[in-house]
Each structure stands twice: as structure tokens, then as C-alpha cells.
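**Student:**
In full-length UniProt numbering, the protein residues as written are 1 to 313.
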């Protein structure tokens with residue numbers, strides 16, 4: 001098994017490190033545009049193989065996609081963070097250009113690969129990768145829901161003073177403050193979370209989850225990387241090992257939940273073919289309204305990208 005991670009920054013390097021440490025693939029190729037950067041990160045990861053006892057070979061290359069040929073899964077983490085004075089459309093245009101170029105190279109050298117997008121803005125970058133690749137929607141997806149649910153579960157574990165291993169949860173919708181938390185589907189060791197925590201505390205945790213990325217930026221002055229990188233690696237593992245794990249994943253909806261043509265996070269079964277099945281939950285009216293709000297927000301950003309592309313044509 002061969003996995004490529006495009007972007008050797010903090011998120012990409014963390015993803016590659018987790019993939020190697022857990023021996024999820026025989027070879028992990030790390031790609032970056034900065035000369036020597038991916039090579040150095042890959043070499044560092046490989047040099048700790050004798051210490052942490054794993055066999056996965058990590059290889060770094062500078063913008064040479066021929067070395068990625070035959071990849072089974074490709075994770076795209078490349079893109080720029082929003083800088084002072086940069087408008088939303090500037091960020092969308094810049095990162096969509098990067099993701100589009102990367103996707104073209106991926107499909108050229110690994111036409112059978114499954115693509116996982118981590119670049120932000122996540123939902124619209126998944127859109128950009130999907131339309132560029134021309135692959136089935138089951139093979140192009142975005143990583144956001146696993147990260148969001150991990151934050152939610154971590155905060156709940158802290159509040160309840162229990163192991164995060166025992167908490168299961170589902171979040172839907174777009175990545176960010178329009179995500180749709182579903183306390184009805186949150187359990188602790190099989191017990192509904194609403195039986196273990198008061199409504200006020202639970203609502204506070206939900207709000208903290210929605211702003212989870214922003215909280216870390218305020219603390220560190222930069223975006224998170226350990227949890228996002230690990231979340232992407234978990235998706236890769238589910239695919240490579242055909243685990244058929246149930247995860248919230250960003251995918252193009254085609255009638256599910258009454259939504260068509262918009263990329264949103266929904267629960268799916270992940271296996272060797274990518275998205276094996278989209279799971280349709282029976283949402284109540286409040287949850288449907290929250291999902292519709294999230295759909296409108298994501299569609300607005302998708303339209304912005306369409307307008308940018310039309311202006312360039």
C-alpha cells in the first residue's frame with residue numbers, strides 16, 4: 001500500500017508521521033513545493049523508525065509527482081492560511097488554485113487513488129478537488145467531521161471526567177461555526193449524554209466545539225496540526241484496511257437529507273472503495289433547520305468559487 005500526503009507543513013507532516021508509526025502503508029510519500037522541506041520531514045520520520053519500531057518507509061520529494069505514482073490514497077493538506085488584509089475571496093481563489101493543480105497531478109499519476117482533502121476552506125476545497133478530478137463522489141472527500149467530533153468528545157470527556165474512548169458522537173454540516181452537533185446521537189458507554197450532563201453545560205461544550213479551531217489559533221497564533229493530521233490518518237487507515245468505520249465525512253450530497261449538489265459533512269461508512277455508503281439519519285425539525293443553515297453557508301462559498309472561476313475564464 002502506498003499513501004501520498006501533499007503538503008509537508010505541520011498537518012501534513014503529522015499525518016505522515018501517524019501513518020508511518022501505525023504502519024498503515026508500506027510507503028508514505030510526502031510532497032511539498034519548498035525545496036528540501038518534504039525530504040527533510042520524511043527523513044526525520046524515517047530515522048525514528050528504529051526507535052519506535054515500524055517498517056513504513058517515508059520518502060520526501062519537491063514538487064515531483066512522478067514519485068507518487070500508484071498511490072492508493074492521497075491526502076491534500078496544501079494551502080495558505082488567511083493573512084492580514086486578505087479577503088475571503090482571495091483565500092478561496094488562492095487555495096482553490098493550489099488544490100486544483102495538486103488534484104490534476106494526483107489524477108495524472110494515480111488515477112485509481114482515493115482523495116482526502118484537508119485544505120481550507122474545507123467544504124469548498126473538497127468541491128474544487130471533486131470537479132477537477134472528475135472521479136466519483138465516493139472517492140473524493142473532505143476531512144472535517146472527525147476532527148470536529150474529536151474536539152467535542154474531548155471536551156465532554158473533560159467535563160464528565162471519563163475516558164474519551166467511551167464517548168461516541170456525530171456532527172454534521174459544514175466545517176466551522178455552522179456545524180450541526182447532534183446531542184441525541186451522543187453516547188457515553190452506550191448511555192445518552194443527556195442523562196449524564198445538564199443542558200447548559202452541554203450547550204457550552206457545543207459552542208466551544210464550533211469555535212474549536214479559533215480557540216487554538218488564539219492560544220498559539222497558528223492553526224492546529226496534531227488533531228487534524230491524526231484525523232486524516234484515521235480516514236486513510238479505514239480505507240487502506242477496509243475497516244468500514246462510521247465517520248462524519250464531507251461529501252457531495254445528491255438528494256440525501258433533501259440536499260443536492262452541496263458538499264457537507266454527513267455520517268458515512270468508510271472502506272476500501274472510499275465512501276461505501278452515506279447514512280441517512282432521521283433528523284428532527286430543529287436539526288433539519290440547523291443543517292439547512294449550514295447548507296446555505298457552504299453553498300454561498302461554493303458560489304463565490306464559481307464566480308471567481310467564471311471571471312478567470
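Using N, Cα and C, we set each Cβ at its ideal position, and we do this for glycine too.
Please confirm whether residue 169 and residue 153 have their CB atoms less than 8 Å apart.
**Tutor:** Numbered from its first residue, the chain shown carries residue 169 at position 169. Numbered from its first residue, the chain shown carries residue 153 at position 153. Cβ atoms of residue 169 and residue 153: closer than 8 Å.
**Student:** Count the other CB atoms, across all protein chains shown, that sit within 10 Å of the CB of residue 226; report buried if there are 16 or more and exposed otherwise.
**Tutor:** By one-based count along the chain shown, residue 226 stands at place 226. Per the 10 Å Cβ criterion, exposed.
**Student:** Quick one: residues in its chain with C-beta nearer than 7 Å to the C-beta of residue 102, no 5 flanking neighbours on either side, listed in chain order?
**Tutor:** Mapped onto the chain shown, residue 102 falls at position 102. For residue 102, where only same-chain residues beyond five positions count, the Cβ hits under 7 Å are 6, 76, 78.
**Student:** So, using beta-carbon positions, are residue 250 and residue 123 closer together than 8 Å?
**Tutor:** Within the chain shown, the letter at position 250 stands for residue 250. Within the chain shown, the letter at position 123 stands for residue 123. Yes.
**Student:** Can you tell me whether residue 295 is buried or exposed? The criterion is at least 16 other CB atoms within 10 Å of its CB, across all chains shown.
**Tutor:** On the chain shown, residue 295 is found 295 positions in, with the first residue counted as 1. Buried, since its Cβ has 16 or more Cβ neighbours within 10 Å.
**Student:** Contact defined as beta carbons within less than 8 Å: I believe residue 18 pairs with residue 213. What is the distance between those atoms, to the nearest angstrom?
**Tutor:** Numbered from its first residue, the chain shown carries residue 18 at position 18. Numbered from its first residue, the chain shown carries residue 213 at position 213. Not quite, the Cβ-Cβ distance comes to about 19 Å (not below 8 Å), so this is no contact.
**Student:** Kindly indicate which residue of 218, 223, 176, 38 has the alpha-carbon position closest to the one of residue 290.
**Tutor:** For the purposes of this step, residue 290 is taken as residue 290 along the chain shown, with counting starting at 1. If we check each option's Cα against that of residue 290, 176 comes out closest.
**Student:** From which residue to which residue does the beta strand (DSSP E) around residue 209 run?
**Tutor:** Against the chain shown, residue 209 aligns to sequence position 209. Segment 199 to 210 is the alpha helix (DSSP H) holding residue 209; no beta strand (DSSP E) there.
**Student:** Between the Cα of residue 162 and the Cα atoms of 196, 106, 111, 145, which residue gives the shortest distance?
**Tutor:** Translated into positions along the chain shown, residue 162 becomes position 162. Of the candidates 196, 106, 111, 145, the one whose C-alpha sits nearest the C-alpha of residue 162 is 196.
**Student:** Cβ atoms of residue 139 and residue 115: under 8 Å apart, would you say?
**Tutor:** Your numbering for residue 115 matches position 115 in the chain shown. Your numbering for residue 139 matches position 139 in the chain shown. Contact flag set, yes.
**Student:** Using a Cβ-Cβ cutoff of less than 6 Å, which residues in the same chain neighbour residue 4 once the five nearest sequence positions on both sides are dropped?
**Tutor:** By one-based count along the chain shown, residue 4 stands at place 4. For residue 4, where only same-chain residues beyond five positions count, the Cβ hits under 6 Å are 29, 68, 71, 74.
**Student:** Checking 8 Å against the spacing of the C-beta atoms, do residue 159 and residue 205 come in under that value?
**Tutor:** In the chain shown, counting from the first residue as 1, residue 159 sits at position 159. In the chain shown, counting from the first residue as 1, residue 205 sits at position 205. Yes; because the gap between Cβ atoms is below 8 Å, this pair is in contact.
**Student:** Determine whether the beta carbon atoms of residue 62 and residue 20 lie at a separation below 8 Å.
**Tutor:** Here residue 62 is taken as the residue at index 62 of the chain shown, counted from 1. Here residue 20 is taken as the residue at index 20 of the chain shown, counted from 1. Their beta carbons are not under 8 Å apart, which means residue 62 does not touch residue 20 by this criterion.
**Student:** Who are the near neighbours of residue 237 in its chain, counting only those whose CB is closer than 6 Å to its CB and skipping five residues on each side?
**Tutor:** Looking up residue 237 in the chain shown gives position 237. The answer, listed in chain order, is 24.
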